[in-house]
Amino acid sequence: MGWQGVKEEAKGVKIVTKNFGVPDSHKLATYRSRGGWDAFKKALALAPAAIVDEIKKSNLRGRGGAGFPTGLKWSFVPKEARTVYLVVNADESEPGTCKDRELLAYDPHLLIEGMAIASYAIRCQHAYIYIRGEMIREAKIIQAAIDEAYAAGLLGADHSVGGGGAFRVDITLHRGAGAYICGEETALLNSLEGRRGWPRLKPPFPAVKGLFQQATVVNNVETIMNVPAIIEKGGEWFNNLGIGKSGGTRIVCVSGHVAKPGVFELPIGISFKDLIFDVCGGIPNGRKFKGLIPGGTSMPPLDAGEIDVPIEFDALTSDTRIKDVEVRPGQPFDMGNGRRLKTMAGSGGIVVFDDSTDVVALCARIMRFYAHESCGQCTPCREGSGWLARVCTRLAAGDGHPGDVDLLGTVANGIAGNTICALGEAAAWPMMGFLTKFRADFEAKIRKVA
Amino acid sequence: MALEFSAQAKQRIERLLTQYPTKQAALLPVLHLAQDEFGYLPDEALHLVADTLQLPAAHVFGVITFYTMFHREKGGRNELMVCTNVSCMLRGGYDILHHIESRLGIKAGESTPDGCFHLVEEECLAACANAPMMICGDRYFLDLTPQKVDAALDDLRKRWQERTRQVPGGGEGPAKTVAGVGPERKF
């Protein structure tokens with residue numbers, strides 16, 4: 008493990024996967040025998056504001072995709088708010104991402120304890136878990152775990168608090184019904200309210216007006232599962248495991264053309280190169296590495312020259328070894344105010360592809376996905392994603408028209424920044440990213456005119 | 037009212053309503069319940085849910101048609117959800133889908149005539165490290181090969197046949213027969 012740029016003390020540390028492989032890890036008795044619910048007890052002795060401060064100090068960042076600082080998000084809940092909701096986003100559906108499903112299946116009680124602590128910190132009395140509809144097996148596991156926690160008097164019962172008074176929280180599991188867009192936090196809130204999963208305009212942000220128009224914090228499964236360890240061992244310990252402004256470890260899901268695909272909890276400073284060639288055993292079948300998708304399919308891909316970069320949030324948005332995404336050669340994509348786009352760490356879903364891969368077909372599949380999942384609210388996304396899918400598909404079939412490659416860049420540029428939610432970017436960014444990194448592959452698919 | 041919830045379902049709905057501050061918020065769980073009871077969500081089920089939660093039928097219709105897991109048509113009992121998104125595609129997901137299509141003699145989106153299988157080309161099902169894969173109900177079939185698919189289909193069909201035999205009159209299908217649809221309630 009001569010991993011470059013990784014701190015010694017971070018190697019081998021397991022926080023959210025510490026109970027993986029333990030028999031009956033999904034049972035409360037197993038969880039408690041391994042120190043479960045001790046952190047909750049410790050948390051109740053502290054003031055809620057002290058917990059928020061500890062989370063801030065830990066530099067825990069949202070593991071759902073955006074990497075927003077969790078402590079900061081919690082601190083946005085207005086002090087005068089009378090009803091506060093915590094909603095855990097377990098609607099994992101970003102292609103290439105398979106961490107939350109495993110976390111839910113193997114350690115549901117870590118999530119429940121993390122939610123109890125988070126609820127105490129933000130003064131929430133009723134928390135919801137929004138789980139993806141297709142995860143029927145995991146929903147059963149989580150419901151059984153919630154029932155166990157109720158039976159043990161951990162949920163739905165008063166706990167005395169250090170500063171006097173009592174704290175109690177209820178947790179309800181809510182199943183989605185098959186809509187990628189519900190992973191977007193405001194669409195998720197609408198879905199939880201019994202509506203179509205249509206994203207809402209922000210502001211107002213959920214912290215001010217969220218679920219049922221009340222103050223709401225929406226956090227990813229992995230994010231919440233880090234909370235008990237931070238309370239137990241301190242924010243500073245957690246922060247020291249990471250690099251820069253990102254604390255802790257990171258779960259990555261590696262799939263595609265690697266010898267050993269899997270879900271791994273790793274130091275956040277590890278590079279893609281060490282991840283692929285050391286942890287995952289390299290590229291099989293004697294093929295060569297061609298590129299990878301760094302954090303779910305909505306993130307621009309990286310090519311062979313860009314994989315020395317660590318998988319950390321800020322490195323992926325700013326490291327100079329990564330090329331700027333372009334609309335067309337020589338015209339960098341402008342994210343607004345002249346900000347350039349490289350890529351993002353996203354959801355941790357890393358998809359590796361070798362040199363036998365038809366990247367145009369791969370990109371077309373991604374575009375068909377976003378066209379299918381566009382909720383239809385905003386015209387640029389609804390129409391634009393369809394155009395990207397159709398033009399990409401005809402290119403992949405070797406039937407591209409002259410000008411198609413530029414057309415793709417133009418359409419993508421017209422979507423990004425012009426929609427209510429980030430699904431527009433989720434289609435436009437990888438489109439422009441694939442064009443920037445693999446333009447020759449696209450040009451080769453233009454139909455030859457005799 | 038052509039349809040009614042079973043006593044057990046009514047009890048579950050009562051409990052569900054205590055878990056949300058509005059009745060509308062219980063819509064998705066109640067629709068899941070209704071689909072479990074009736075097999076799919078025809079107009080009668082839609083109106084039953086709307087009346088139960090005191091919601092406009094048009095709202096319930098909008099919600100049902102927005103989400104892919106709610107079915108307006110009667111389909112095969114075993115829903116095979118085969119992922120063909122990138123991680124699975126790179127490891128032969130389309131070969132698996134085409135293998136199933138030729139084995140069952142149906143295309144994605146169709147059901148077998150005996151009502152045993154309904155085949156769906158699914159988006160990413162969050163088991164990318166075990167691609168290619170498919171889900172049927174709460175069962176995962178991972179690291180698929182054509183041989184593994186054959187074994188899975190045989191097993192699912194066998195279980196289905198066993199269950200079907202236990203139902204008087206055969207045919208598992210929806211739990212209740214849904215009567216003809218009145219014109220005033222047709223969307």
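Residue numbers (this note's numbering), protein chains in the order written: chain A, 8 to 457; chain B, 37 to 223.
Built from N, CA and C at the ideal position, the CB exists for glycine as well.
In this text the structure is predicted, and so the values were computed from the model without any measurement.
**Report entry** Straight-line Cα distance separating G416 of chain A from G289 of chain A
**Finding:** 32 Å
Query raised in the report: What does L64 of chain B reach in chain A if we use C-beta pairs closer than 9 Å?
Result: G140, H181, R182, G183, A184, S198, L199 and G201
Query - Contact list for G204 of chain A against chain B, beta-carbon separation under 8 Å - result: F102 and Y103
Query - Continuous alpha helix (DSSP H) assignments of at least 4 residues falling wholly in the stretch 351 to 428 of chain A - result: 366 to 380, 386 to 403 and 411 to 422
Report task. Identify every residue that forms a DSSP beta bridge with C260 of chain A. Result -> A:V270 and A:G356
Query - Start-to-end residues for the alpha helix (DSSP H) that takes in F106 of chain B - result: Unbroken run through F106 of chain B: none, as it is neither H nor E.
Requested in this report: Under 6 Å Cβ to Cβ from V214 of chain B, same chain only, skipping five residues before and after it: list those, please.
Outcome: With a pLDDT of 38 at V214 of chain B, under the threshold of 50, the modelled position of that residue is not reliable, and the figure given next carries that caveat. Counting only Cβ-Cβ distances below 6 Å, and skipping sequence neighbours, we find P78 and E80.
Query raised in the report: Listing by chain order, which chain D residues have their CB less than 7 Å from the CB of G356 of chain A?
Result: Although the question refers to chain D, the structure presented lacks it and instead comprises the protein chains A and B.
Query raised in the report: Rounded to whole angstroms, how far is the Cβ of T386 of chain A from the Cβ of K349 of chain A, which I believe are closer than 8 Å?
Result: Contact doesn't hold; Cβ gap of about 28 Å is too wide.
Requested in this report: Would you please verify whether the beta carbon of R144 of chain A is less than 8 Å from any beta carbon of chain B?
Outcome: yes
Requested in this report: Just mark L51 of chain A as buried or exposed, buried being the case when its beta carbon has 16 or more other beta carbons within 10 Å.
Outcome: buried
Requested in this report: Determine, using beta-carbon pairs with one atom in the stretch 139 to 148 of chain B and one in the stretch 173 to 180 of chain B, whether at least three such pairs fall under 8 Å.
Outcome: no
Requested in this report: Determine which residues of the stretch 258 to 276 of chain A have a Cβ less than 8 Å from any Cβ of chain B, and write them out in chain order.
Outcome: C260, V261, S262, G263, H264, P268, G269 and V270
Query - Rounded separation between F174 of chain A and I188 of chain A - CA only - result: 34 Å
Query raised in the report: What are the boundary residues of the alpha helix (DSSP H) that includes E109 of chain A?
Result: K106 to Y113
Query - Element boundaries [beta strand (DSSP E), containing F177 of chain B] - result: R175 to F177
Query raised in the report: Looking only at C-alpha atoms, which of A:I427, A:M374, A:P409 and A:K80 sits nearest to V215 of chain A?
Result: A:K80
**Report entry** Stretch pair the stretch 83 to 102 of chain A + the stretch 266 to 285 of chain A: three plus CB contacts closer than 8 Å
**Finding:** no
Query raised in the report: Start and end of the beta strand (DSSP E) containing E333 of chain A?
Result: E333 to R335
Query raised in the report: How long is the line joining the alpha carbons of K64 of chain A and W44 of chain A, rounded to whole angstroms?
Result: 22 Å
Requested in this report: Give every residue of the same chain whose Cβ lies closer than 7 Å to the Cβ of G218 of chain B, excluding the five residues on either side of it in the sequence, and list them in chain order.
Outcome: Any reading at G218 of chain B needs caution, since the residue's pLDDT is 32, under 50, leaving its predicted position unreliable; the model's value is listed next. Same-chain partners within the cutoff: there are none.
Query raised in the report: Which of the three DSSP states, helix, strand or coil, is assigned to C124 of chain B?
Result: helix
Query raised in the report: Hey, is the stretch 261 to 268 of chain A in contact with the stretch 234 to 242 of chain A, meaning 3+ C-beta pairs nearer than 8 Å?
Result: no
Report task. Can you give me the start and stop residues for the beta strand (DSSP E) that D177 of chain A sits inside? Result -> D177 to R182
Report task. Mind reading off the beta-carbon distance from I422 of chain A to L208 of chain A? Whole number of angstroms is fine, and I expect it under 8 Å. Result -> So it is not a contact: roughly 17 Å between Cβ atoms.
Requested in this report: Kindly indicate which three-state DSSP category P210 of chain A falls into: helix, strand or coil?
Outcome: coil
Query raised in the report: G241 of chain A to R347 of chain A, Cα distance in whole Å?
Result: 36 Å
Query raised in the report: Quick check: the stretch 161 to 173 of chain B against the stretch 116 to 123 of chain B, are there 3 or more CB pairs under 8 Å?
Result: yes
Query raised in the report: Taking C-beta to C-beta, are E192 of chain A and P211 of chain A nearer than 8 Å?
Result: no
Query raised in the report: For a contact meaning CB atoms closer than 7 Å, what does F106 of chain B contact in chain A?
Result: A184
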